[in-house]
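Everything in the sequence shown is counted per this note's numbering, starting at 41 for the first residue and increasing by one. Where a beta carbon is used, it is the ideal one built from N, C-alpha and C, also for glycine. Given the structure is predicted, the values throughout are model-derived calculations rather than measurements. Take a look at the structure below.
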Amino acid sequence: MAFDTLMNAFTELMQIHHMLYLFGGVMLGIIVGILPGLGGIVGFSIMLPFLYGMDTTSALAMLIGMVAVVPTSDTFTSVLMGIPGSSASQATVLDGYPLSQKGEAARALGAAFTASLIGGLLGAIILSAFIVFARELILKLGSAELFILGIFGLSMVGVLSGKSLYKGFIAAAIGLLLGSIGSAPATGEFRMTFGSFYLYDGIKLVILGLGVYAVPEIISLLIENKKISKAEKLKGSFVQGIKDVWFYKWIVARCAPIGAMIGAIPGLGGSVVDWIAYGHVVQTSKDKSKFGKGDIRGVIAPESANNAKEGGGLIPTLLFGIPGSGSMAVFLGGLIILGIEPGPGMVKENLEVSYIIIWSLAIANIVGTVTCMLLSNKISKITTIPYGYVAPFMLMIIFFAALQATRSLEDLILLIAIGALGTLFKYFDWPRPALLIGFVLAGTIETYYYQAVQFYSWEMLERPGVIILILFMLTSILLSVYFKKRDEKKSKENQPRKTEEHKIKYSFFSGELIFIWSLMAFALFALIDSFTLRFLGGIFPIIVSSLLLIFGIILSIQITSKKRQKDILAVEIIENGQLSSTWVKTWTNFLILPIFLLGTWILGFIPALAILFILIIRIKMNSSWLKIIIITSCAIAFLLFISNAMVLHLPTGLIYDMYLKGN
Numbered sequence: 041m042a043f044d045t046l047m048n049a050f051t052e053l054m055q056i057h058h059m060l061y062l063f064g065g066v067m068l069g070i071i072v073g074i075l076p077g078l079g080g081i082v083g084f085s086i087m088l089p090f091l092y093g094m095d096t097t098s099a100l101a102m103l104i105g106m107v108a109v110v111p112t113s114d115t116f117t118s119v120l121m122g123i124p125g126s127s128a129s130q131a132t133v134l135d136g137y138p139l140s141q142k143g144e145a146a147r148a149l150g151a152a153f154t155a156s157l158i159g160g161l162l163g164a165i166i167l168s169a170f171i172v173f174a175r176e177l178i179l180k181l182g183s184a185e186l187f188i189l190g191i192f193g194l195s196m197v198g199v200l201s202g203k204s205l206y207k208g209f210i211a212a213a214i215g216l217l218l219g220s221i222g223s224a225p226a227t228g229e230f231r232m233t234f235g236s237f238y239l240y241d242g243i244k245l246v247i248l249g250l251g252v253y254a255v256p257e258i259i260s261l262l263i264e265n266k267k268i269s270k271a272e273k274l275k276g277s278f279v280q281g282i283k284d285v286w287f288y289k290w291i292v293a294r295c296a297p298i299g300a301m302i303g304a305i306p307g308l309g310g311s312v313v314d315w316i317a318y319g320h321v322v323q324t325s326k327d328k329s330k331f332g333k334g335d336i337r338g339v340i341a342p343e344s345a346n347n348a349k350e351g352g353g354l355i356p357t358l359l360f361g362i363p364g365s366g367s368m369a370v371f372l373g374g375l376i377i378l379g380i381e382p383g384p385g386m387v388k389e390n391l392e393v394s395y396i397i398i399w400s401l402a403i404a405n406i407v408g409t410v411t412c413m414l415l416s417n418k419i420s421k422i423t424t425i426p427y428g429y430v431a432p433f434m435l436m437i438i439f440f441a442a443l444q445a446t447r448s449l450e451d452l453i454l455l456i457a458i459g460a461l462g463t464l465f466k467y468f469d470w471p472r473p474a475l476l477i478g479f480v481l482a483g484t485i486e487t488y489y490y491q492a493v494q495f496y497s498w499e500m501l502e503r504p505g506v507i508i509l510i511l512f513m514l515t516s517i518l519l520s521v522y523f524k525k526r527d528e529k530k531s532k533e534n535q536p537r538k539t540e541e542h543k544i545k546y547s548f549f550s551g552e553l554i555f556i557w558s559l560m561a562f563a564l565f566a567l568i569d570s571f572t573l574r575f576l577g578g579i580f581p582i583i584v585s586s587l588l589l590i591f592g593i594i595l596s597i598q599i600t601s602k603k604r605q606k607d608i609l610a611v612e613i614i615e616n617g618q619l620s621s622t623w624v625k626t627w628t629n630f631l632i633l634p635i636f637l638l639g640t641w642i643l644g645f646i647p648a649l650a651i652l653f654i655l656i657i658r659i660k661m662n663s664s665w666l667k668i669i670i671i672t673s674c675a676i677a678f679l680l681f682i683s684n685a686m687v688l689h690l691p692t693g694l695i696y697d698m699y700l701k702g703n
């Protein structure tokens, strides 16, 4: 039965129009992977608005096509210029870039693409095997077990997010509160809407994903305003890289399952998988002298793991409705848009859908790898374009995608507000994946909690599955904290003491402290607002906001303590009595967004976008007016074509509306 369903899914996917969407997703994934700092979260966020009304198979093929190839294409920037294309390609830089400096970029890319292909296929096989063999176990899971799994996902996010445990918990709590805005699942009461009808339906995942991730990265790259890469020609042999993977096949055989297993643990995601695989291959190698200097093994290990993690990340996402990473969190939102309910039902009512996803993952890995190899020389030239030319196009895509939530000006207002929050998270080095996963899990955890209490009452804590999961969760937290402290202790012991450290002066009111108090103020508002609701409508935000306030107080004490400041590394915004240059540059460039919003309100979306292109290209690149006009005209023409094809209405502006009323 399962085999027949597997083959039916393959036959369905192989239809020409479905494959065209898969190829489209692959091509977008390649572009997203090439541009540093974007990654699968931004790609998914851009795709989400276009899913409405799409055929389910085509939409899934497009989504999986993109996410499968991002860990492959982000290798270009890691190898060619030493900049991680995404969080999952950081370890590749350690040996990939030195190989490129040695003139062996093609060898490094060939090995990376081949390892990515094998890792991706193994990830799809592991996902398929898990669905087949764990099907009966999954069907026995109830709302109580799924509720504890959601809590487990949040706990992993907090523990494994950056230098401070409390920063991770606060970030996840902010995500939970933002996800609670709107109608309460149990009572239908409206929470934290600030009196705005726009927020009655809650914050849209598209806007949150773009605001938290895309906006801060674009601002950061605008500040640098450099060419993405200086490499124009590739040297070395792709064939040699392929041979290297065959020679070190056992590294791939070990690291791919590691990647899949890490991807399956909610909350870990791509930020750690490459480092764990890299650390594994270094620890198990007899000759460690060449690592970090251009060892091909240092490319093969992380690349095979970070592609396999996508298959692993789909396991909790599909079968439990719990995202294994930030990109899987947005993918979860895509499934909901398509009317697919993730959870145990995926192996019963939606088994064919699950197999379509598996086939899409396998085929997309093959198509993506072959495409990357064929387009390597051309793609490497794209990265030499100064970012002053790239940024306006990225902003155009982001604004256009955000408007698809409700197609009103409020979409842009909320995008910029969340973009400011995401920029602060990035500036103060707070874990943005924790915020995003908390947001996605908010509705799931709250719903499963109500169901569990309704079906089992407090007896749910006596269920064997719940007990096992709680013990596993507590063990994971304790081990994570232990290993984290041990590694911190070792790193301190290995670091030479610096006499300059004693000369560092810390101020009490750091920028980060004010940021923490602002988050606590939001939690206090949520707490007060929740007390006006009925018990079932307010208990969830009451618990979350109370915990946030407690963690905020603890973190505030740590940051203001001179003894702890060196460990927490509180970020200052004032240097030598003046605002730091980084802080000033960040918000000077961020001003582009509210200026665009004002222009949209007065003039309309299209005229404001044209002005945005002209300002950025003229100020950042000092290009000729003819060049600016050509680039702007092409961009506006493309956007108008897409809008007309999709029959989309863009904001027209105050002047145009007054003109219509006058006539």
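Taking the alpha helix (DSSP H) that residue i belongs to, which residues open and close that run?
{"i": "His689", "result": "Segment: none, His689 is in no alpha helix (DSSP H) and carries neither H nor E."}
{"i": "Gln491", "result": "472 to 496"}
{"i": "Glu612", "result": "Neither: Glu612 is in no alpha helix (DSSP H) and is coded neither H nor E."}
{"i": "Gly69", "result": "56 to 74"}
{"i": "Arg294", "result": "289 to 304"}
{"i": "Met500", "result": "Element bounds for Met500: n/a, residue is neither H nor E."}
{"i": "Met434", "result": "427 to 442"}
{"i": "Ser98", "result": "96 to 113"}
{"i": "Gly249", "result": "245 to 249"}
{"i": "Glu144", "result": "No alpha helix (DSSP H) holds Glu144; DSSP gives it neither H nor E."}
{"i": "Phe209", "result": "205 to 220"}
{"i": "Ala460", "result": "449 to 467"}
{"i": "Pro225", "result": "It is not in any alpha helix (DSSP H) - Pro225 carries neither H nor E in the DSSP assignment."}
{"i": "Thr622", "result": "621 to 630"}
{"i": "Ser260", "result": "255 to 264"}
With distance defined between alpha-carbon atoms, name the residue in the options nearest to residue i.
{"i": "Leu415", "options": "Trp557, Met102, Leu149, Phe555", "result": "Leu149"}
{"i": "Gly159", "options": "Gly379, Asp697, Trp290, Leu559", "result": "Trp290"}
{"i": "Arg447", "options": "Lys244, Met47, Ser168", "result": "Lys244"}
{"i": "Gly251", "options": "Ser140, Asn48, Phe440, Ile380", "result": "Phe440"}
{"i": "Ile403", "options": "Thr96, Ser156, Leu475", "result": "Ser156"}
{"i": "Ser620", "options": "Ser550, Gly242, Phe84", "result": "Ser550"}
{"i": "Arg486", "options": "Gly361, Thr692, Ala317", "result": "The identity of residue 486 in the sequence shown is Glu, whereas the question assumes Arg. The candidate whose alpha carbon is nearest that of Glu486 is Gly361."}
{"i": "Asp241", "options": "Phe512, Leu631, Thr115, Gly483", "result": "Gly483"}
{"i": "Ser367", "options": "Leu60, Leu91, Met106", "result": "Met106"}
{"i": "Gly505", "options": "Phe187, Gly379, Phe50", "result": "Phe187"}
{"i": "Trp641", "options": "Thr154, Ile453, Trp665", "result": "Ile453"}
{"i": "Val110", "options": "Phe278, Asn346, Tyr206, Gly182", "result": "Asn346"}
{"i": "Glu552", "options": "Leu690, Ile614, Ile583, Gln491", "result": "Ile614"}
{"i": "Leu261", "options": "Ala151, Pro432, Ala212, Pro384", "result": "Pro432"}
{"i": "Ile632", "options": "Ile70, Gly208, Ile258", "result": "Ile258"}
{"i": "Leu464", "options": "Glu144, Phe645, Asp697, Trp627", "result": "Trp627"}
{"i": "Ala442", "options": "Lys701, Ile670, Leu655, Ala254", "result": "Ala254"}
When you compare only the Cα positions, how much space is there between residue i and residue j?
{"i": "Asp469", "j": "Pro256", "result": "12 Å"}
{"i": "Val119", "j": "Gln494", "result": "54 Å"}
{"i": "Ala49", "j": "Ile247", "result": "32 Å"}
{"i": "Ile590", "j": "Met436", "result": "40 Å"}
{"i": "Gly334", "j": "Tyr467", "result": "31 Å"}
{"i": "Leu688", "j": "Pro89", "result": "11 Å"}
{"i": "Leu576", "j": "Leu218", "result": "18 Å"}
{"i": "Ile554", "j": "Leu564", "result": "15 Å"}
{"i": "Gly459", "j": "Leu358", "result": "29 Å"}
{"i": "His542", "j": "Tyr522", "result": "For His542, the pLDDT reaches just 39, beneath the cut-off of 50, and the residue's location in the model is therefore unreliable, leaving the point undetermined."}
{"i": "Gly702", "j": "Thr672", "result": "31 Å"}
{"i": "Ile210", "j": "Lys667", "result": "47 Å"}
{"i": "Phe225", "j": "Leu391", "result": "Note that residue 225 corresponds to Pro in the displayed sequence, not to Phe. Between Pro225 and Leu391, the C-alpha separation is close to 28 Å."}
Throw me the rounded Cβ distance for the residue i and residue j pair, which I believe falls under 8 Å.
{"i": "Leu62", "j": "Met102", "result": "6 Å"}
{"i": "Ser168", "j": "Ile398", "result": "5 Å"}
{"i": "Gly352", "j": "Gly299", "result": "7 Å"}
{"i": "Phe479", "j": "Gly215", "result": "4 Å"}
{"i": "Ala212", "j": "Leu194", "result": "5 Å"}
{"i": "Ile477", "j": "Ala566", "result": "No, Ile477 and Ala566 are not in contact; Cβ-Cβ is about 19 Å, not under 8 Å."}
{"i": "Pro691", "j": "Phe645", "result": "5 Å"}
{"i": "Thr719", "j": "Glu343", "result": "Here the chain has residues from 41 to 703 only, and residue 719 is not among them."}
Verify the CB distance criterion: does residue i have a CB-CB separation below 8 Å to chain D?
{"i": "Val255", "result": "Going by chain labels, chain D is absent from the structure shown, which holds only one protein chain."}
* **alpha helix (DSSP H) runs contained entirely in the segment 570 to 601, provided each spans 4 or more residues** => If we require 4 residues or more, the alpha helix (DSSP H) runs fully inside the segment 570 to 601 come out as 575 to 600.
* Can you give, in chain order, each stretch of the beta strand (DSSP E) that sits fully within the segment 326 to 405 and has at least 3 residues? -> Runs found: none.
* Enumerated in chain order, which unbroken segments of the alpha helix (DSSP H) with a length of 4 residues or greater are wholly contained in the segment 637 to 671? -> DSSP assignment within the segment 637 to 671 yields the following whole alpha helix (DSSP H) runs of 4 residues or more, N-terminal first: 645 to 656.
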